[in-house]
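A quick write-up on the structure given underneath.
Chains as they are written, first to last, in this note's numbering: chain A, -19 to 253; chain B, 5 to 278.
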């Protein structure tokens, strides 16, 4: 047990090189202010989880990093370059999997390399590693329609990892899975995050997921949202849910989050949409 | 799903000989019974044998026409017009549909035109085309094109509207160019809908073709053959033509489109809401 602990990597340090820098980011849809003044720095190879009341704009913030949407103000830069559009340096995994139904598991996973004109043989070779690590071996030739939700999400994760983006953006990746599948996937994938060696930003609505997986949890406030808390989870990976210190972190984040949820509810009651 | 498709569907997935022979036997029995009653009634003199010549006489006439080479000319000409018109409809219909579904200018230009012209029966164009193009293959090909193109455009647009914007996001985050998005995402993404469009469009096209051939074909074509035969009151040829139209219509809609479906939608396990 002790020897095992010694070899497990500790949380990636905060003093790492900044990878993603958000500076006074604002986002409004028409007259609705979704995000107001989000400023934060995410370090190289850090695993950051974003949590907040529903509708607080946390997914929108992720889409801004991905370059799918344009902010109404402020800048986001990745590797020092301002984000203006999506690019292969940032891989994305959605809650709804978003697989290409006309492609087999293998062809879904190799698409990123195919687009980058990597020869088919080499692409398949590079895909194998992630197929194995995500536990998809034997399913290479299956079509997505025949897979369960958990398997589909594995394909989406392997697909995002295979073309080797530097940043992985996860939008509620376990949100569409049932509790058992979700717990199994999280346990199963903990080592994958370590192996992947990526900067990871994960949006979630589950405090447990956030503290279990992330090095750092950013709590977004009620709309128009900004960051109300930045909690560092100082525990080695892989973690287990029954760790006492993990439960303390969970309680801490939950307390901040409930205050925000209360605030957003009372705001909604005061100004019904 | 049409009735015959539900009979055929389990056969393809489960090659069970008993089921297969049943699925072939059932329609043959029902059609065969009609022909048998017809044959007996015509020969016994219960019905007017001039207006309703017995099926055996129709088959004999068709056989003669086949041997003379005339029949193959009629069939070949009709299929040439149909397939050429369909191919044009699929290519241009898909491109216009994608322009409408993906671009603001496409919507602005084409949507009002399509809303205005879609309800116009295809045959209403024939007199105009006759004056513009003349009595030749081009007229009938354009009629086929018009008949099928609206259906193709319509289903392609709904196909694109049915695709999640996130599919495009994933492709763009992989660094896909516009061409790559067209070939690797849009085309396969609309395929289930496009096939539905081809199925419906080929049905309309086939009907429009036969009618157009009656109005605007100088020689050859199944529609022309029937129209020509009515001048000489050769009822066997008229019925023979109707029979062939039914057979080829069935083959095009079910066998050719069915193959396309098996190779794509059914293989992928994708359901299309109709």
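The C-beta atom is built at its ideal place from N, Cα and C for all residues, glycine as well.
Could you tell me whether any Cβ in chain A is nearer than 8 angstroms to the Cβ of residue i?
| i | result |
| --- | --- |
| residue 297(B) | The shown model of chain B, from 5 to 278, leaves out residue 297(B), and the question about it has no answer. |
| residue 184(B) | yes |
| residue 89(B) | no |
| residue 14(B) | Low per-residue confidence applies at residue 14(B): pLDDT is 43, beneath 50, and the placement is therefore not dependable enough to give any value. |
| residue 162(B) | no |
| residue 82(B) | no |
| residue 6(B) | For residue 6(B), the predicted model reports a pLDDT of 40, less than 50, meaning its position is unreliable and no value from the coordinates is stated. |
Could one say the Cβ of residue i lies closer than 8 angstroms to chain B's Cβ atoms, at least one of them?
| i | result |
| --- | --- |
| residue 62(A) | no |
| residue 197(A) | no |
| residue 143(A) | yes |
| residue 134(A) | no |
| residue 96(A) | yes |
| residue 118(A) | no |
| residue 46(A) | yes |
| residue 71(A) | yes |
| residue 157(A) | no |
Name the chain A residues that come within less than 7 angstroms of residue i, Cβ to Cβ?
| i | result |
| --- | --- |
| residue 261(B) | The contacting residues do not exist; residue 261(B) stays about 18 angstroms from chain A at best. |
| residue 274(B) | 81, 125 |
| residue 192(B) | 82 |
What in chain B is Cβ-close to residue i, meaning under 9 angstroms?
| i | result |
| --- | --- |
| residue 78(A) | 168, 170, 171, 173, 174 |
| residue 91(A) | 174, 175, 178, 180, 188 |
Please work out which residues of its chain come closer than 8 angstroms, Cβ to Cβ, to residue i, disregarding the five sequence neighbours upstream and downstream, and give them in chain order.
| i | result |
| --- | --- |
| residue 45(A) | 0, 2, 56, 58, 63, 70, 147, 149, 181 |
| residue 34(A) | 185 |
| residue 164(A) | 130 |
| residue 102(B) | 110, 160, 164, 186, 190, 194 |
| residue 45(B) | 51, 56 |
| residue 134(B) | 143, 219, 220 |
| residue 37(A) | 7, 14, 15, 200, 203, 204, 205 |
Mind listing the chain B neighbours of residue i? Cutoff is C-beta to C-beta under 8 angstroms, in chain order.
| i | result |
| --- | --- |
| residue 229(A) | Within 8 angstroms Cβ-Cβ: nothing; residue 229(A) doesn't reach chain B, min ~31 angstroms. |
Report the three-state DSSP secondary structure of residue i (helix, strand or coil).
| i | result |
| --- | --- |
| residue 4(A) | strand |
| residue 212(A) | strand |
| residue 249(A) | helix |
| residue 320(B) | This structure leaves residue 320(B) out entirely; chain B is present only between 5 and 278. |
| residue 57(A) | strand |
| residue 81(A) | coil |
| residue 10(B) | Note on residue 10(B): pLDDT 40, under 50, position unreliable in the model; the coordinate value appears next. Reduced to three states, the DSSP call for residue 10(B) is helix. |
| residue 268(B) | coil |
| residue 182(A) | strand |
| residue 41(B) | helix |
| residue 228(A) | helix |
| residue 21(A) | strand |
| residue 240(A) | helix |
| residue 92(A) | helix |
| residue 150(A) | strand |
| residue 171(A) | helix |
| residue 52(B) | coil |
| residue 207(A) | strand |
Interface residues of chain B around residue i at Cβ under 7 angstroms?
| i | result |
| --- | --- |
| residue 262(A) | Because chain A spans -19 through 253 in this model, residue 262(A) falls outside it and cannot be assessed. |
| residue 66(A) | 173, 176, 177 |
Residue i versus chain A: which residues are under 8 angstroms apart at the beta carbon?
| i | result |
| --- | --- |
| residue 195(B) | 82 |
Within a Cβ cutoff of 6 angstroms, which residues of the same chain sit near residue i, ignoring the five residues on either side of it in sequence?
| i | result |
| --- | --- |
| residue 92(B) | 149 |
| residue 119(A) | 85 |
| residue 236(B) | none |
| residue 127(B) | 215 |
| residue 218(A) | 170 |
Go through its chain and collect everything with a Cβ distance to residue i's Cβ below 7 angstroms, but skip five positions before and after it.
| i | result |
| --- | --- |
| residue 234(A) | 187 |
| residue 114(B) | 100, 103, 104 |
| residue 36(B) | none |
| residue 15(B) | Below a pLDDT of 50, predicted positions are generally treated as unreliable, and residue 15(B), at 43, falls in that range; the measurement from the model is reported next regardless. Contacts found: 23, 24, 27. |
Mind checking if residue i is an interface residue toward chain C, Cβ cutoff 8 angstroms exclusive?
| i | result |
| --- | --- |
| residue 46(A) | Checking the listed chains, one finds no chain C in this structure; the protein chains it contains are A and B. |
Taking contact to mean at least 3 C-beta pairs separated by less than 8 angstroms, is the segment 49 to 64 of chain A in contact with the segment 149 to 169 of chain A?
Contact fails: fewer than three Cβ-Cβ distances are below 8 angstroms.
Counting pairs of beta carbons, one from the segment 48 to 67 of chain B and one from the segment 242 to 253 of chain B, are three or more of them closer than 8 angstroms?
Yes, the segment 48 to 67 of chain B touches the segment 242 to 253 of chain B.
Are the segment 107 to 118 of chain A and the segment 213 to 220 of chain B in contact at 8 angstroms, needing three or more beta carbon pairs?
Taking a cut-off of 8 angstroms for Cβ pairs, the segment 107 to 118 of chain A and the segment 213 to 220 of chain B do not touch, as fewer than three such pairs fall below it.
Check whether the segment 7 to 22 of chain A and the segment 120 to 133 of chain A touch, using three or more Cβ-Cβ pairs below 8 angstroms as the test.
No, the segment 7 to 22 of chain A is not in contact with the segment 120 to 133 of chain A.
If you pair each beta-carbon of the segment 188 to 207 of chain A with each one of the segment 224 to 244 of chain A, do three or more pairs fall below 8 angstroms?
Cβ pair count under 8 angstroms is three or more, so yes.
Report yes or no: do the segment 71 to 85 of chain B and the segment 260 to 278 of chain B share at least 3 C-beta pairs separated by less than 8 angstroms?
The segment 71 to 85 of chain B vs the segment 260 to 278 of chain B: no contact.
Touching by the beta-carbon criterion (3+ pairs, under 8 angstroms), the segment 136 to 144 of chain A and the segment 66 to 81 of chain A
The answer is yes - the segment 66 to 81 of chain A touches the segment 136 to 144 of chain A, with three or more Cβ pairs under 8 angstroms.
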